[in-house]
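Student: Per the working numbering, the very first residue in the sequence shown carries number 8; after that it's consecutive.
For every residue, glycine included, the Cβ atom is placed at its ideal position computed from N, Cα and C.
Quick caveat, the model's predicted, so the values are computed rather than measured.
Input: one structure, supplied below.
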Amino acid sequence: MDITKKIFNFILIVITALMTFCVGVFVYYSTFGKSKIPTAITSTYATTVTDPQTGEEKPVLEANYYSNKNGTGCEVVEFRVNAYSGVSKQGIYSRGFQMVWDDKGNIIPYENPTTQKKSNVFYYDSYDNVSFETGHEYEWGDKMVIDIDGETYGVALDGQYSVTTKKFSFWKAVGHTFSGLWQGYDYGKKAYNYETTVYNYTFEDLLLKIRQIVKSSSNGTGDGVIPLIDLGNFLHIYEYDEEKGQFKGEPVGGITSNSLINSYFTMASHFDNRGMVWYKQSMFGSVAGDSQYNITGLTDNVEYWKATTILNLTEEDFEARYSQIDNGFYYILPTSKIGELKDFENIEININFNVSNLNVNVLGFDYYALNGLKIQSLTITSKTQRDFRLLVGSLKDTGLQKSNITTENINLINTNSGVEL
8 MDITKKIFNF ILIVITALMT FCVGVFVYYS TFGKSKIPTA ITSTYATTVT DPQTGEEKPV
68 LEANYYSNKN GTGCEVVEFR VNAYSGVSKQ GIYSRGFQMV WDDKGNIIPY ENPTTQKKSN
128 VFYYDSYDNV SFETGHEYEW GDKMVIDIDG ETYGVALDGQ YSVTTKKFSF WKAVGHTFSG
188 LWQGYDYGKK AYNYETTVYN YTFEDLLLKI RQIVKSSSNG TGDGVIPLID LGNFLHIYEY
248 DEEKGQFKGE PVGGITSNSL INSYFTMASH FDNRGMVWYK QSMFGSVAGD SQYNITGLTD
308 NVEYWKATTI LNLTEEDFEA RYSQIDNGFY YILPTSKIGE LKDFENIEIN INFNVSNLNV
368 NVLGFDYYAL NGLKIQSLTI TSKTQRDFRL LVGSLKDTGL QKSNITTENI NLINTNSGVE
428 L
């Protein structure tokens, strides 16, 4: 009984000592030792910078992508970092990067007139709403000054990636022929020398990634904001040491491998399916270094992006559904085509549906046949008099009204189509 009591007392003393120690550590790090708490910051979140001259807030990152899906001009991807002119943060001095492909999909190269150095990237600076080709091409590892929660940081393209290659070794294969007697044979691995090479990401790599991110964004075409984009493979952020007057040598989160560093940003973006045809569409007011670029045939006092492309659809663009009950065919514009046309901005769609061109019993438009597609005019014609049904939702959200629907030898039968006739 005494032994049991002694063991119990011993355990109680140990537990009490541990609790006292934990309380002491908590009190110390809550007061005198607060600055000594070990931290492991592995990510940052840069959202905006503030222009000290105007008070205007700008997103740290901006991107602009014209895909030239309609084949009218150039494919262009642009990227801008809104950074300060220096650690004193007296003004916003933005750094920009642009890649341009011609109408045949060939990259338009840039050649530095001073050094004759060739690149696939055009470099721009922007200050006080004026952009121009840079006099200092930013290179791998250069810091661009931003702030996060009022503190000065530097952002740099200094991400790396590695590629491992293997080369057949005759002598390793010979040696493995003997060692394999005991270890088993695996010539696919053990007959080769392996070499790992580390590469620096370039601004071209970054622009191609930005292009893919904008294309894949659920914001779709037009203007949008990606509120939390992780570019930790490419861009790293560095704290600024006020006492030493320099940026720290290790990036935030640098205690991990590069692939695990998270660098989050807010990025404002614009995505357009058209080609870039005018310098005013560029965030830099320049296309491949040409500040007068214009293949529209329009003068500068006309805003190209407000011009309208006219598209005429006919009955051949529709799909048919046979109805056994009504003994005839209903027609609908394929949803894939509606989705594709919705992507195009400033497009005027006119539909000319000639029933007599279809050698079947045409009943009318199917359920939700044109739903959601903005249409300028709808014309339905026939050589002989006949009924044409507009089933439920067939004209819903098309913007059509009675005034821009024209018929010839057609008696419209409206069944809650979405338009009052």
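Anyone know if the C-beta pair for LEU340 and PHE325 falls short of 7 Å?
Tutor: yes
Student: In whole angstroms, what is the alpha-carbon distance linking GLN392 and ASN416?
Tutor: The straight-line gap from Cα to Cα measures roughly 4 Å.
Student: Using three-state DSSP, classify ASN280 as helix, strand or coil.
Tutor: Correct three-state label for ASN280: coil.
Student: Going by C-alpha distance, which of LEU428, SER343, THR422 is nearest LEU385?
Tutor: The residue with the shortest Cα to Cα distance from LEU385 is LEU428.
Student: Taking contact to mean 3 or more Cβ pairs, one atom from each stretch, closer than 8 Å, check whether the region 225 to 238 and the region 269 to 277 are in contact.
Tutor: yes
Student: Applying the criterion that 16 or more other CB atoms from any shown protein chain within 10 Å of the CB defines a buried residue, is THR342 buried or exposed?
Tutor: exposed
Student: Taking the C-alpha atoms as reference points, what is the distance between GLU146 and LEU164?
Tutor: 8 Å
Student: In this structure, how does DSSP classify TRP189 when only helix, strand and coil are distinguished?
Tutor: Any reading at TRP189 is ruled out, since the residue's pLDDT is 49, under 50, leaving its predicted position unreliable.
Student: Quick check on the DSSP output: the beta strand (DSSP E) that includes LYS251 runs from which residue to which?
Tutor: Looking at the DSSP string, LYS251 is not in any beta strand (DSSP E), and its letter there is neither H nor E.
Student: Can the beta-carbon of TYR337 be found less than 7 Å from the beta-carbon of LEU370?
Tutor: yes
Student: Answer yes or no: do THR204 and VAL170 have a C-beta to C-beta separation smaller than 7 Å?
Tutor: yes
Student: Looking at the structure shown, is GLY161 part of a helix, part of a strand, or coil, going by DSSP?
Tutor: strand
Student: Specify the secondary structure class of ASP394 as computed by DSSP and reduced to three states.
Tutor: strand
Student: Can you tell me which residues form a DSSP beta bridge with SER384?
Tutor: Answer is ASN357, bridged to SER384.
Student: At the level of alpha carbons, what is the spacing between GLU69 and ALA90?
Tutor: 11 Å
Student: Is VAL367 buried or exposed, if buried means 16 or more other CB atoms sit within 10 Å of its CB?
Tutor: exposed
Student: My assumption, with CB atoms under 8 Å, is that LEU397 sits in contact with THR413. Please give the rounded CB distance.
Tutor: Going by Cβ atoms, the distance from LEU397 to THR413 rounds to 14 Å, so no, they are not a contact pair.
Student: Whose C-beta lies closer than 6 Å to the C-beta of LYS287 among residues of the same chain, with five residues either side of it excluded?
Tutor: none
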